[in-house]
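Novice: For reference, the structure I am asking about is given below.
Chains as they are written, first to last, in the numbering used here: chain F, 3 to 204; chain Z, 3 to 215; chain R, 25 to 246.
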């Protein structure tokens with residue numbers, strides 16, 4: 003399985019964010035996106051997820067599911083939590099589990115040690131706990147491609163460790179991860195894509 | 003184009019003076035109402051083109067048409083009201099046609115408001131196209147329902163415009179006026195599209211400068 | 025299908041638990057109905073004459089007022105983005121959300137309306153036809169509210185704009201709704217043409233609204 007992007011151009015509003023971008027991620031590989039603010043890291047993730055249409059170029063998931071879009075085979079974890087404060091932690095996970103076609107709520111609760119908080123209203127969670135709840139969706143249903151936007155922001159050391167375990171599982175399963183980050187994820191061998199180099203080349 | 007439109011309007015104008023005081027309003031009113039409907043159709047057609055083929059010029063064409071269409075609708079409403087005062091003894095009557103025109107004005111205003119409310123011009127274009135198309139689907143439904151409502155509430159005693167057949171001495175100036183109006187609209191629309199294009203280019207130059215800075 | 029069921033169940037739960045949900049819509053409805061006689065005087069005969077129309081206007085405004093919560097919270101907290109990556113297309117999500125909105129706003133309001141009619145001296149013979157017409161008509165109102173909500177989802181202060189855009193489109197539903205409420209004076213006449221046209225309007229919007237709303241949502245999610 004391989005995700006390949008060729009000669010991608012992304013426009014936001016009337017502005018060209020990046021152009022001529024090529025990348026490839028294979029099964030069990032982690033691609034780390036680096037670059038200054040506004041270089042287009044988040045835009046690239048949203049473009050892969052299918053939320054933004056590329057202005058040029060094309061994107062292909064070789065060996066992926068034929069009837070599903072790339073977005074439907076991906077987890078996108080962005081800055082927004084997609085958590086409803088008036089539902090409990092468990093109810094939030096239960097909704098996404100049912101919505102995404104049945105998942106393992108109990109395993110998700112354990113992935114980031116949220117079990118003690120399971121029946122509390124999500125409105126009571128601290129920023130870090132909210133972030134853990136958002137990330138625990140990764141465990142809920144298996145998807146071949148993970149698109150993570152600054153996943154470690156707001157996490158303490160313990161939770162960062164949990165995230166690392168989760169990511170390693172995904173890679174060991176033959177999944178793919180594309181992550182943007184400003185800090186070292188500590189994930190061993192990872193390919194790095196540098197937006198600054200792309201800009202310099204042009 | 004603009005010169006032709008003005009020229010025709012000036013040539014036609016003397017013909018109006020042979021008619022009675024109130025009938026003269028009709029030469030302004032009727033073509034304005036026709037144009038109001040036609041421009042909305044043009045706007046909806048451009049929007050359909052824009053949403054299917056993603057052609058940016060179609061978005062600009064639709065955007066440029068809206069204020070012109072709104073102006074013609076407003077003109078039709080005001081002249082209709084001026085005509086209605088001596089004929090019906092009231093500035094406003096809840097006649098089916100008047101009500102439909104009023105709704106049309108609201109649709110125009112909503113369309114313009116969308117363009118103003120959304121900052122990102124591409125997003126505004128998409129959303130405005132949807133508004134125009136949904137409005138277009140609804141215009142016949144609204145027209146039909148207002149007519150139904152009108153027949154329910156007002157027996158046909160108020161409005162009897164279609165009594166005698168239109169005399170040819172009125173018909174001809176009316177048609178010429180309609181042509182003149184259409185030409186005027188085309189001229190206005192072209193000017194408006196050009197100014198939209200220039201505005202678009204200015205924005206791009208500003209963007210390029212901002213990027214360079 | 026379980027996707028849509030999950031979505032509808034969640035939206036109903038949120039409508040009950042959060043502010044601006046079912047309770048607020050009912051409260052607003054009640055307030056408008058109470059204010060009306062204060063505005064036009066307590067003349068029983070006059071109130072009886074205008075009661076069906078007044079109730080319809082109040083219904084229309086209440087439904088419109090609660091339109092914002094259909095998509096806005098989900099757009100703001102990123103839920104809508106996640107839904108777009110889910111197994112159901114946005115068209116289905118739009119129709120499910122419109123239906124959830126009807127269950128949480130249109131339906132309770134339509135049930136409350138004939139009862140509140142007593143405050144306006146509503147002709148008792150009209151209670152049943154009014155209720156039936158409102159049950160059906162409020163579906164059209166919820167669908168259009170859903171469209172309005174989708175069109176303005178990314179805008180701050182989209183509320184006024186929704187009114188300007190959607191109220192003109194409410195005219196057919198209003199006209200045939202009121203007409204269906206008062207036409208079957210002798211009892212609920214299911215074959216009454218107004219009611220049939222009202223159903224046709226609902227069906228038209230059932231087709232048009234999801235397409236238009238999904239296109240709008242995609243433009244905002246970019």
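Cβ atoms here follow ideal geometry from the backbone N, Cα and C, with glycine treated the same way.
Note that the coordinates shown come from a computational prediction; the quantities given were computed from them, not determined experimentally.
#1: Compile a chain-ordered list of the residues in the region 6-29 of chain F whose CB is closer than 7 angstroms to at least one CB of chain Z.
#2: Span of the beta strand (DSSP E) holding residue 194 of chain F?
#3: Residue 76 of chain F and residue 51 of chain F: beta carbons closer than 8 angstroms?
#4: In the structure shown, what three-state DSSP assignment does residue 78 of chain Z receive?
#5: What residue range does the beta strand (DSSP E) around residue 28 of chain F cover?
#6: Judging by CA-CA distance, which residue of R:164, R:78, R:106 and R:205 is the nearest neighbour of residue 150 of chain R?
#7: Report yes or no: is there a C-beta of chain Z within less than 8 angstroms of the C-beta of residue 195 of chain R?
#8: Any residues in the region 115-128 of chain Z with a beta carbon nearer than 7 angstroms to a beta carbon of chain F? Which ones, in chain order?
#9: Name, please, each residue of chain R whose Cβ falls closer than 9 angstroms to the Cβ of residue 114 of chain F.
#10: What is the rounded straight-line gap between the Cα of residue 23 of chain F and the Cα of residue 199 of chain F?
#11: What separation, rounded to the nearest whole angstrom, lies between the Cα atoms of residue 158 of chain Z and residue 96 of chain Z?
#12: Kindly indicate which residue of R:198, R:224, R:34 and R:173 has the alpha-carbon position closest to the one of residue 87 of chain F.
#13: What is the rounded straight-line gap between the Cα of residue 105 of chain Z and the Cα of residue 162 of chain F?
#14: Name the residues in the region 167-195 of chain R whose C-beta lies less than 8 angstroms from a C-beta of chain C; which are they?
#15: For a minimum of 3 consecutive residues, which ranges assigned as the beta strand (DSSP E) are wholly contained in the region 105-188 of chain F?
#16: Over the uninterrupted beta strand (DSSP E) stretch that includes residue 58 of chain F, give me the two end residues.
#17: Just to make sure I have the definition right: I need the residues of chain Z whose C-beta is within less than 8 angstroms of the C-beta of residue 199 of chain R. Which are they?
#18: Which chain R residues sit within Cβ distance under 9 angstroms of residue 68 of chain F?
#19: Strictly below 9 angstroms CB to CB, what residues from chain F border residue 205 of chain Z?
#20: Starting from residue 92 of chain F, follow the alpha helix (DSSP H) in both directions and report where the run begins and ends.
#21: Can you tell me where the alpha helix (DSSP H) with residue 230 of chain R in it begins and where it stops?
#22: Taking the continuous alpha helix (DSSP H) assigned at residue 190 of chain F, which residues delimit it?
#23: Which residue comes first and which comes last in the beta strand (DSSP E) that contains residue 5 of chain F?
#24: Does the beta-carbon distance from residue 128 of chain Z to residue 243 of chain R come in below 8 angstroms?
#25: I'd like to know if residue 209 of chain Z contacts chain F, where contact means its C-beta is closer than 8 angstroms to some C-beta of that chain.
#26: For residue 221 of chain R, which option in Z:214, Z:143, Z:181 and Z:185 has the closest C-alpha, if you only look at C-alpha atoms?
Specialist: The structure says:
#1: Residues passing the 7 angstroms Cβ filter: 15, 16 and 17.
#2: 193-196 is the span of the beta strand (DSSP E), which, as asked, contains residue 194 of chain F.
#3: The beta carbons of residue 76 of chain F and residue 51 of chain F sit closer together than 8 angstroms.
#4: In the structure shown, residue 78 of chain Z sits in a helix (DSSP, three-state: H, G or I).
#5: For residue 28 of chain F, the uninterrupted beta strand (DSSP E) run begins and ends at 17-28, by DSSP.
#6: Among R:164, R:78, R:106 and R:205, the Cα nearest to that of residue 150 of chain R is on R:205.
#7: For residue 195 of chain R, the nearest CB of chain Z lies under 8 angstroms from its own CB, placing it at the interface with that chain.
#8: For the region 115-128 of chain Z, which is checked against every Cβ of chain F, the residues closer than 7 angstroms are 122, 123 and 124.
#9: Listed by position along chain R, the residues whose Cβ is nearer than 9 angstroms to that of residue 114 of chain F form an empty set, because the closest Cβ is around 18 angstroms away.
#10: Inter-residue distance for residue 23 of chain F and residue 199 of chain F is about 11 angstroms (C-alpha atoms, whole angstroms).
#11: Below a pLDDT of 50, predicted positions are generally treated as unreliable, and residue 158 of chain Z, at 41, falls in that range; the measurement from the model is reported next regardless. Inter-residue distance for residue 158 of chain Z and residue 96 of chain Z is about 12 angstroms (C-alpha atoms, whole angstroms).
#12: Ranking the options by Cα distance to residue 87 of chain F, first place goes to R:34.
#13: Approximately 58 angstroms between the Cα atoms of the pair.
#14: You won't find chain C in this structure, because its protein chains are F, Z and R.
#15: Counting only runs of 3 or more, we get 147-151 and 178-182.
#16: From DSSP, the beta strand (DSSP E) with residue 58 of chain F extends over 58-64.
#17: Scanning chain Z for C-beta atoms nearer than 8 angstroms to the C-beta of residue 199 of chain R yields 147, 148, 150 and 151, reported in chain order.
#18: What residue 68 of chain F touches in chain R: nothing, since even the nearest Cβ is about 15 angstroms away.
#19: Result: 16.
#20: Its alpha helix (DSSP H) spans residues 91-101.
#21: Boundaries of the alpha helix (DSSP H) harbouring residue 230 of chain R: 217-245, taken from the DSSP string.
#22: Membership of residue 190 of chain F in any alpha helix (DSSP H) is not indicated, and neither H nor E is assigned to it by DSSP.
#23: 4-14 is the span of the beta strand (DSSP E), which, as asked, contains residue 5 of chain F.
#24: At the C-beta level, residue 128 of chain Z and residue 243 of chain R come within 8 angstroms of one another.
#25: With its beta carbon less than 8 angstroms from one in chain F, residue 209 of chain Z belongs to the interface.
#26: For residue 221 of chain R, the nearest C-alpha among the options comes from Z:143.
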